[in-house]
Amino acid sequence: MVWHDVAPAEDFEPDVPKVIEVGEERIAVYHLDDGFYAISDICTHQYAILSDGFCEHGKVECPLHQACFDIRTGRALDEPAEIALATYPTRIEGGVVQVSLG
Ligand code: FES
10 MVWHDVAPAE
20 DFEPDVPKVI
30 EVGEERIAVY
40 HLDDGFYAIS
50 DICTHQYAIL
60 SDGFCEHGKV
70 ECPLHQACFD
80 IRTGRALDEP
90 AEIALATYPT
100 RIEGGVVQVS
110 LG
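What follows is the structure in structure tokens.
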């Protein structure tokens, strides 16, 4: 499994994602109450960047049509999105948050 550095854990603010691009993938990493979670940063409905949307209580709202996604599971919580986001494992190594594409 290949791990990619995102940012030092201490640099994260609650509900404010940090975004990295790995190849064609754009991944947003969030610091929630219970840990770090990584999801695809592109909405599954149409093309919109989710990290530009509002994030609160473990959910992110698409800025284009306001569908919400569960950051922990990637699940689409309401219309018009129906397809879950890809999720990725995270870890902290030497104080740095890392993500893997698996
Ligand atoms: S593009 Fe995200 S809900 Fe439509």
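First residue of the sequence shown: 10, per the numbering used here; consecutive thereafter. Yeah, the Cβ is synthetic: ideal placement off N, Cα and C, and Gly gets one too.
- Beta-bridge partners of Glu102 (DSSP): Val105.
- For Ile36, the enclosing beta strand (DSSP E) starts and ends at 34-41.
- Between the C-alpha atoms of Thr99 and Tyr56 there is a straight-line separation of about 25 Å.
- Distance from His13 to Val108 at the Cβ level is roughly 6 Å; contact confirmed, criterion being Cβ atoms closer than 8 Å.
- Sorting Ser49, Gly67, Asp24, Ala18 by C-alpha distance to the C-alpha of Gly32 places Ser49 at the top.
- Boundaries of the beta strand (DSSP E) around Gly44: 44-49.
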